[in-house]
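Residue numbers (my numbering), protein chains in the order written: chain A, 58 to 331; chain B, 793 to 1062.
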């Protein structure tokens, strides 16, 4: 009985909607937009029509997640193993806070900085004219790292914090160099956290809309942009549904692959965020 | 390594600091700070569309977070006493509600609700006695429901974790001393999980208040603060937006700090 409201909520607003877009994805576009019942795979066959959006997303999502990882790992390592005890909680809170503040506002901050009256104006002031920063793939990548860094740091921190310090000492006692201790013990045992962070960030990036829109200015187009266009502007719902279903399938593949990798390498299961 | 970590924290906070700083700029442009002024706050709060959007956001965030806190806590309590299989199904659904990108949640909710309305509205019209039957449409309800989905999953997980670390001995002692299950719940379980419930509520509120993507799809004719801000940003960056952004950022930071503080509280307050 306690589970009743939650079950109803999950069924009505998660399961049924998902079934609805699955049904729509094998339907046809009605002449005036919207949906017309049918059973066809034409929408899926039409996916290459949005190849650019898929290409941009499939390149920038893994590259963005990797960039996040490279920045996040040293920070998580420092927080978990090197930071003075009394600073640790404060620093951790400083990571968590941006995670819960509006992505829109934080992306807007970069729009402000990279836009014509931000850094380019400063550069023009010192004589470097006509620098274009906003509306480039680089700006989108920067926005991605900025937006998703906290989400990458947290799971890595959790897995490093759990690490048995005696293993590190044992490794050093047995004559391992610091580098081989790091590679053979620390990195290996923190891999579940790395894979959790990587797959979470990558999945959320697959559906990202705000960052490419605000920092890519319509030049760097993601699947999320294609979906907004198909659902809110051109009203081709069946085609949009086919894209959404494809997106979910890719996400599931990413999750399974990440789980497999961390199980194989470290023998541990993935790290849960909460 | 310390230098790198300091640089990363600067990277995380400098852009936000800049927005806050320039919201107090007397001048118009980001390239020049011409003096301290709160005029943009005045302009923002005198804008009726903005105030309307802010009110909508506050209403939606409060309602969805309250519903999520109630249903999520109930679900966490319920999950503690079901079989392994039911639990696995539930965990998978809750995980999906959290992990699936907002764009997909927004789209699927939009499609399902519009489809539902095209069936229900003619039916309502046919059974309604007079000429003005109620018409279901996208709006407050759909945003609250879609936000609540994520929030409820979040609350369930946070409260579930807390329940897992609950001292079972206290519960047993309470029932050994002939307390009714309801009394045990009220005097033992509830005080211990309350910080987690409050933290869940605060995070749910923050999520709903900040969300743009889901609301963008299911808002119908309604406007929330993020939707309004997004539309204004696309028309051009103005210092007025900096002022709104600062208000939203400060509010979110306060709520998150409060939530973290609640989660760290080990002992019940009474």
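Each residue gets a CB set at the ideal place from its N, CA and C atoms; glycine is no exception.
Decide if residue 970 of chain B is buried, meaning its Cβ has at least 16 other Cβ atoms within 10 Å, or exposed. exposed
Straight-line CA distance for residue 233 of chain A to residue 130 of chain A? 22 angstroms
Amino acids of chain A, ordered along the chain, whose beta-carbon sits closer than 7 angstroms to that of residue 901 of chain B: Correct list: 70, 74.
Exposed unless 16 or more other CB atoms sit within 10 angstroms - verdict on residue 961 of chain B: Under the 10 Å beta carbon count, residue 961 of chain B is surrounded by fewer than 16 other beta carbons and is classified as exposed.
How close, in whole Å, do the beta carbons of residue 252 of chain A and residue 122 of chain A come, if the pair is a contact with beta carbons under 8 angstroms? Incorrect: roughly 11 angstroms between the Cβ atoms, too far for contact.
On the DSSP bridge assignment, give the partners of residue 321 of chain A in chain order. Answer is none; residue 321 of chain A lacks a bridge partner.
Around the C-beta of residue 337 of chain A, are 16 or more other C-beta atoms found within 10 angstroms, so that it is buried, or is it exposed? Chain A is shown from 58 up to 331; residue 337 of chain A falls before or after that span and cannot be answered.
With H, G and I counted as helix, E and B as strand and the rest as coil, what does DSSP make of residue 927 of chain B? coil
If we ignore side chains and look at the alpha-carbon of each, how far apart do residue 263 of chain A and residue 899 of chain B end up? 15 angstroms
Do you know how far the Cα of residue 873 of chain B is from the Cα of residue 196 of chain A? 49 angstroms
Tell me whether the stretch 297-315 of chain A and the stretch 68-86 of chain A touch, counting them as touching only if at least three CB pairs, one residue from each stretch, are closer than 8 angstroms. yes
To the nearest angstrom, how far is it from the Cα of residue 216 of chain A to the Cα of residue 959 of chain B? 25 angstroms
According to DSSP, is residue 330 of chain A part of a helix, a strand, or is it coil? Annotation note: pLDDT 48 at residue 330 of chain A (below 50); position unreliable, no value reported.
Check whether the stretch 229-247 of chain A and the stretch 158-166 of chain A touch, using three or more Cβ-Cβ pairs below 8 angstroms as the test. no
Taking all protein chains shown into account, do 16 or more other C-beta atoms lie within 10 angstroms of the C-beta of residue 820 of chain B, making it buried, or fewer, making it exposed? exposed
How about residue 995 of chain B and residue 1051 of chain B: do their beta carbons lie closer than 8 angstroms? It is a contact, given that the beta carbons lie within the stated cut-off.
Outcome for residue 309 of chain A when other beta-carbon atoms lying within 10 angstroms are tallied against a minimum of 16: exposed
Which residues of the stretch 123-135 of chain A have a Cβ closer than 7 angstroms to any Cβ of chain B? Give them in chain order. Cβ contacts with chain B come from 128, 131, 132, 135.
Can you give the Cα-Cα distance for residue 893 of chain B and residue 851 of chain B, rounded to whole angstroms? Cα-Cα distance, rounded: 24 angstroms.
Run the CB neighbour count on residue 1020 of chain B, radius 10 Å, all protein chains shown included, and call it buried at 16 or more, exposed below. buried
Counting only C-beta atoms, is residue 217 of chain A closer than 8 angstroms to chain B at any point? It does not; no Cβ of chain B falls within 8 angstroms.
Residues of the stretch 292-322 of chain A with Cβ closer than 8 angstroms to any Cβ of chain B, in chain order: 294, 297, 298, 301, 304, 305, 308, 312
Starting from the beta carbon of residue 793 of chain B, find every residue of chain A whose beta carbon is closer than 8 angstroms, and list them in chain order. In chain order: 131, 134, 135, 139.
Are residue 815 of chain B and residue 1031 of chain B closer than 8 angstroms when you measure CB to CB? Taking 8 angstroms as the cut-off, the Cβ atoms of residue 815 of chain B and residue 1031 of chain B count as close.
With a cut-off of 8 angstroms, do at least 3 Cβ pairs link the stretch 924-938 of chain B to the stretch 1011-1019 of chain B? yes
Answer with buried or exposed for residue 878 of chain B, where buried requires no fewer than 16 other C-beta atoms within 10 angstroms of its C-beta. exposed
Could you check whether the Cβ of residue 1060 of chain B sits closer than 8 angstroms to any Cβ belonging to chain A? Below a pLDDT of 50, predicted positions are generally treated as unreliable, and residue 1060 of chain B, at 45, falls in that range; the measurement from the model is reported next regardless. Residue 1060 of chain B does not count as touching chain A.
Go to residue 111 of chain A, then tell me how far its alpha helix (DSSP H) extends in each direction, as first and last residue. 108-134
By how many angstroms is the C-alpha of residue 812 of chain B removed from the C-alpha of residue 828 of chain B? 12 angstroms
Where does residue 100 of chain A land, buried or exposed, given buried means 16+ other C-beta within 10 angstroms? buried
Give, in chain order, every residue of the stretch 988-1000 of chain B whose Cβ lies closer than 8 angstroms to some Cβ of chain A. So the list reads 995, 998, 999, given in the order they occur along the chain.
Closest residue to residue 998 of chain B among B:832, B:842, B:854 (Cα-Cα distance): B:854
Residue closest to residue 128 of chain A, alpha-carbon to alpha-carbon, out of A:274, A:205, A:318: A:205
Please classify residue 882 of chain B as buried or exposed, where buried requires at least 16 neighbouring CB atoms within 10 angstroms. buried
So, does the CB of residue 259 of chain A fall closer than 8 angstroms to a CB anywhere in chain B? no
Which of the three DSSP states, helix, strand or coil, is assigned to residue 85 of chain A? strand
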